[in-house]
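Here the numbering used here is used: the first residue of the sequence shown is 15, the next is one more, and so on. Report on one structure; see the data block that follows.
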Amino acid sequence: MAGSDDENPPPPPPQQTPTQQAPHTVSTIKLHILKKGEYDIWAMKMKHYLSYTDYPIWEVIQKGNGPVSVSTDTNGVIKVLPPKTAEEILARERERKARTTLLMALPEDHLAKFHKMTDAKEMWDAIKSRFGGNDESKKMHKYILKQQFEGFSVSNSEVLHKGYDRFQSLLSQLEIHGAGFSTEDAKQKFLRSLPSSWSQVSLVMRTKPGVDSLSFDDLYNNLRVFEFDVKGSTGSSSSA
């Protein structure tokens with residue numbers, strides 16, 4: 015009986031094809047964490063990593079993902095509309111995945127600064143601006159950002175939310191480069207930057223009790239309440 019076992023050995027385990035092994039190989043690749051003074055090598059490794067594991071995500075980071083659909087409710091607050099088509103759903107999912115991937119590759123002490131950014135391409139460019147280049151170029155960029163803050167203004171033809179978005183983007187860049195301003199300074203600067211048609215509202219808001227406790231977003235939402243009246247008064251004065 016023992017001899018019969020030798021004559022019929024158990025079959026060898028099935029071998030995996032290269033195609034079957036590929037997903038395991040990809041999953042074992044570690045995400046490269048950005049370290050001080052190593053931006054160039056980090057960017058190169060991230061490019062190879064993303065190109066190999068998920069090329070569409072790399073395309074989102076490099077080229078952007080297109081504008082999202084927005085609407086304005088009865089109170090004038092702008093809201094991002096949920097995706098409807100299969101293409102929009104896929105594009106939104108790729109944007110989230112690209113943004114999450116970049117955040118996971120950043121050191122923990124810098125996460126809070128970049129977490130506010132919702133656009134992966136903008137985040138990639140900001141990472142390069144913050145960590146790439148030499149100390150002199152970084153110092154110059156910080157100086158330029160501060161000059162842009164001091165000279166910031168909202169034009170008469172600019173919708174309030176456009177000026178708000180521009181200012182928020184500038185604040186994010188300043189914070190990333192270690193040149194951020196306090197919330198109080200940012201609020202006061204934005205109020206002073208509004209066009210002449212907002213002068214009365216701006217004065218009221220600057221002297222309003224409790225304005226110090228408002229966040230910058232709360233200040234913006236308070237200003238939105240007055241936008242219709244400001245537009246109306248501007249239209250009346252121009253027609254007169």
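Where a beta carbon is used, it is the ideal one built from N, C-alpha and C, also for glycine.
Through-space distance from residue j to residue i, alpha-carbon basis
i: Gln214; j: Phe163; result: 23 Å
i: Ser167; j: Leu228; result: 21 Å
i: Ser41; j: Ala119; result: Its pLDDT being 39, under 50, Ser41 is placed unreliably in this model, and the coordinates cannot settle the point.
i: Ile141; j: Leu64; result: 16 Å
i: Asp161; j: Ala193; result: Looking at the sequence shown, residue 161 is not Asp but Gln. Approximately 11 Å between the Cα atoms of the pair.
i: Met265; j: Arg113; result: Outside the displayed range of the chain (15 to 254) lies residue 265, so it cannot be described from this structure.
i: Arg106; j: Leu184; result: 24 Å
i: Val225; j: Lys156; result: 29 Å
i: Phe204; j: Phe181; result: 8 Å
i: Asp179; j: Asp199; result: 17 Å
i: Arg206; j: Met219; result: 10 Å
i: Trp212; j: Val244; result: 7 Å
i: Met154; j: Ile47; result: 26 Å
i: Lys176; j: Tyr234; result: 12 Å
i: Phe145; j: Tyr53; result: 6 Å
i: Glu122; j: Phe242; result: 43 Å
i: Phe240; j: Asn148; result: 46 Å
i: Val173; j: Tyr66; result: 43 Å
i: Arg238; j: Ser216; result: 12 Å
i: Lys49; j: Asn236; result: 41 Å
i: Lys152; j: Met58; result: 20 Å
i: Met60; j: Glu109; result: 16 Å
i: Ile75; j: Asp133; result: 9 Å
i: Thr99; j: Ser210; result: 43 Å
i: Ile55; j: Ser143; result: 15 Å
i: Asp231; j: Phe195; result: 15 Å
i: Ile71; j: Thr221; result: 47 Å
i: Gly165; j: Lys201; result: 15 Å
Limits of the unbroken alpha helix (DSSP H) element including residue i
i: Asn172; result: Note that residue 172 corresponds to Glu in the displayed sequence, not to Asn. No alpha helix (DSSP H) holds Glu172; DSSP gives it neither H nor E.
i: Ile47; result: No alpha helix (DSSP H) holds Ile47; DSSP gives it neither H nor E.
i: Phe204; result: Thr197 to Ser207
i: Val225; result: Unbroken run through Val225: none, as it is neither H nor E.
i: Ser65; result: Tyr53 to Thr67
i: Ser216; result: Ser213 to Thr221
Assigned exposure category for residue i - 16 Cβ within 10 Å defines buried
i: Ala126; result: exposed
i: Leu95; result: exposed
i: Asn79; result: buried
i: Leu45; result: exposed
i: His129; result: exposed
Interface flag, residue i vs chain D, CB-CB below 7 Å
i: Asp232; result: You won't find chain D in this structure, because it holds only one protein chain.
Rounded distance between the beta-carbons of residue j and residue i, thought under 8 Å
i: Leu117; j: Trp138; result: Wrong, their Cβ atoms sit about 11 Å apart, outside the cutoff.
i: Gln187; j: Leu159; result: 6 Å
In chain order, what are the residue ranges of uninterrupted beta strand (DSSP E) at least 3 long that sit wholly in the segment 78-165? 84-86 and 92-94
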